[in-house]
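Below is one structure; the comments refer to it alone.
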Amino acid sequence: MSLQVAVVPPVPALLSDYAGRTDPVTDLRAACTEAVDWLVADAPARVVVLCDPPSAVDVSRGITTSLGERVGRELLRSASYDGQVEVEGDEPTHLLVLANGSARRGTNAPGHLDERAFGFDDEVRAALTSADPRLLRALDAALGEVLLATGIEALQRASQHVVGACAVQVLHDADPFGVQYWVATWSCR
Amino acid sequence: MSLKLGRHEFSDDRTLMMAIVNRTPDSFYDQGATWAEDRAFERVEQVVDEGAEIVDIGGVKAGYGEVVDAAEEQRRVVGFVARVRAAYPDLVISVDTWRAEVARAVCAEGADLINDAWGGADSELASVAAEHGAALVCTHTGGLSPRTDPHRIEYADVVADAIASTVAQAERAVTAGVDRRSVVIDPAHDFGKNTFHSLEITRRLDEMVATGWPVLVSLSNKDFVGETIGRPVGDRLLGTLAATALCASAGARIYRVHQVAQTRQVVDMAWAIAGRGLPQRAIRGLA
């Protein structure tokens, strides 16, 4: 069974709730749009979303839907997808994974500078741009959490469904605000 | 309902800066700084650069002063309107006049909006606006004649009086043929009002907004600001901007101003706080 995967970052600035008069993430948004359009181009009956769950702090504040799920659902709506959207579903054929690298990539980054961010992100980049399950499973999710990376475990869960070779396309690779973003697609046999 | 000012249309979420351009030798704030036509034109250039959507050209000082008859008023403004129209086809041109014959002449030269600052003193004015497809500002003056000051004027409820007067003028204008989208109401701070009246109008401006007619406020450097903060003309900007913020929070749409750039920032900020406008660009905490 083939598997189509789109990886996008769960960036709140992508949400219409946080729109300003000018868009601070135009390039990222364009790449996300291209990736999600590609994901639903064959009108799948179901898209499975993989993302981090709400944190304990978020839950204590009354947040029950994770940022990743919100961003994922909004991107799918923007792509005019009207099929089923399921979070963490079994036997996926179409996966939307919400993940990004470290948010500690500079003194103006949200988490300030942590030099470990660059090596960590290089490892994520290598795993993500090869769709290699072995590299994905080897990522240090605990270090990722320290570095304010998001969705690393979601990427690892995605890797469980990859059985054959994947054609990978990287649509976006940038850290404009000290946060490492990737947008990529995997088309796996 | 969108706002139609002559040949220009603006959506409901827009606020508009109306920059004052005096072709007078004696207006209270600028004391004739733009009396010469070229100086007035430079003022237009400046306020357009600052983002004003409207210029409000006036040829007669609002308060007491030398007599300016209709012929002299036309001499001051009609040719100037034509010059501005030719140079700025996308700019809304308003003319501050209460006289129908002046309004007719400026509309023929391309004015989009008649700012009837004296509350329907000339009953023909609305018909002239209608004839030319121009918009009309209906103001509350408490029944004062043009170019007179209030003296011991009292209201049981100044806001109710302002609403009744301006809404009645607005309905009469529509009956006279002015497009309903082209009628604006203005409580007219200081006109027929003491400082306490103008403060109450400011405090309760939401009641005027609730009428559904778009509201214009003309607060800029006025005496009610000066008396409230104890500052002379020339030192009233902060007080003006404080009043502006409250009017923007209440939902005023058009701001008649001397200082365009500063007012634009305050209105955008208050409009966004009120949930009517968006931040210019938001990324803090959202990356």
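Those protein sequences? They're chains S and R, same order as listed. Just so we're aligned: the first sequence equals residues 1 to 189 in this note's numbering. Just so we're aligned: the second sequence equals residues 190 to 476 in this note's numbering. All C-beta atoms in this analysis are idealised placements derived from N, C-alpha and C, irrespective of residue type, glycine included. Values in this document were obtained by computation on a predicted structure and should not be read as measured data.
If you look at S:Ser159, you'll find it in the alpha helix (DSSP H) that goes Ile152 to Ser159. By the Cβ-count criterion, S:Leu96 is buried, with 16 or more other Cβ atoms from all chains shown falling within 10 Å of its own Cβ. In the structure shown, R:Ile303 adopts extended strand secondary structure according to DSSP, grouped into three states. Of the residues assessed, R:Phe385 falls on the exposed side of the cut-off, its CB having fewer than 16 other CB atoms within 10 angstroms.
Assigned with DSSP and collapsed to three states, R:Ser407 falls in strand. A straight line joining the alpha-carbon of S:Tyr181 with that of S:Asp173 spans about 6 angstroms. Per DSSP, R:Ile352 is one residue of the alpha helix (DSSP H) stretching across Val347 to Thr364. Shown here, R:Leu475 sits in coil according to DSSP, grouped into three states, outside any helix or strand. If you compare the alpha carbons of S:Leu75, S:Ala43, S:Ser187 and S:Leu136 with that of S:Arg29, the shortest gap goes to S:Leu75. Per DSSP, the unbroken alpha helix (DSSP H) holding R:His386 starts and ends at Thr384 to Arg392. Near chain R, meaning a CB-to-CB distance below 7 angstroms, the residues of the segment 165 to 185 of chain S are Phe177 and Val179. A direct Cα-to-Cα measurement between R:Glu226 and S:Pro110 gives close to 54 angstroms. The C-alpha of R:Glu231 lies about 25 angstroms from the C-alpha of R:Ala323. Burial state of R:Leu427 is exposed, judged by a 10 Å Cβ sphere holding fewer than 16 other Cβ atoms. Cα atoms of R:Arg425 and R:Ile418: separation of roughly 8 angstroms, rounded to the nearest angstrom. If you look at R:His321, you'll find it in the alpha helix (DSSP H) that goes Leu314 to His321. Taken through DSSP and simplified to helix, strand or coil, S:Ile63 comes out as coil. Near chain R, meaning a CB-to-CB distance below 7 angstroms, the residues of the segment 106 to 123 of chain S are Pro110. Scanning its chain for C-beta atoms nearer than 7 angstroms, with the 5 sequence neighbours on each side dropped, one finds around R:Lys193 the residues Ala324, Asp368, Arg370 and Ser371, in chain order. When only Cα atoms are considered, R:Glu298 and R:Gln263 end up about 11 angstroms apart. Under the Cβ criterion of 7 angstroms, R:Ala471 is counted among the residues facing chain S. At a C-beta separation below 8 angstroms, R:Leu205 has no neighbours in chain S, since its nearest C-beta there lies roughly 16 angstroms away. For the 7 angstroms CB-CB criterion, R:Leu205 and R:Ile246 do not form a contact. Annotated as proximal: R:Gln469 and S:Arg21, with beta-carbon spacing under 7 angstroms. Taking S:Glu153 as reference, the option from S:Leu136, S:Cys188 and S:Val183 with the minimal CA-CA separation is S:Leu136. For a cut-off of 8 angstroms, the C-beta gap from R:Asp350 to R:Gly331 is around 7 angstroms, short enough to register as a contact. Look at R:Ala450: its C-beta is not under 7 angstroms from any C-beta on chain S.
Between R:Pro468 and chain S, the shortest Cβ-Cβ separation is below 7 angstroms. Among the residues facing chain R, S:Ala99 is not included, as its CB has no counterpart in that chain under 7 angstroms away. When only Cα atoms are considered, R:Gly308 and R:Gly474 end up about 49 angstroms apart. Runs of the alpha helix (DSSP H) lying entirely within the segment 51 to 130 of chain S and spanning at least 4 residues, in chain order: 56 to 60, 67 to 78 and 116 to 130. Taking a contact as a CB-CB distance under 8 angstroms, the pair S:Leu50 and S:Ala6 does not count as one, their CB atoms being some 11 angstroms apart. Beta-bridge partners assigned by DSSP to S:Tyr181: S:Ala174. No Cβ of chain S is located within less than 7 angstroms of the beta carbon of R:Ala459. Within the segment 6 to 23 of chain S, the residues whose Cβ lies closer than 7 angstroms to some Cβ of chain R are Val11, Pro12, Ala13, Tyr18, Ala19, Gly20, Arg21 and Thr22, listed in chain order.
R:His447 and R:Ala241 have their C-alpha atoms spaced approximately 11 angstroms apart.
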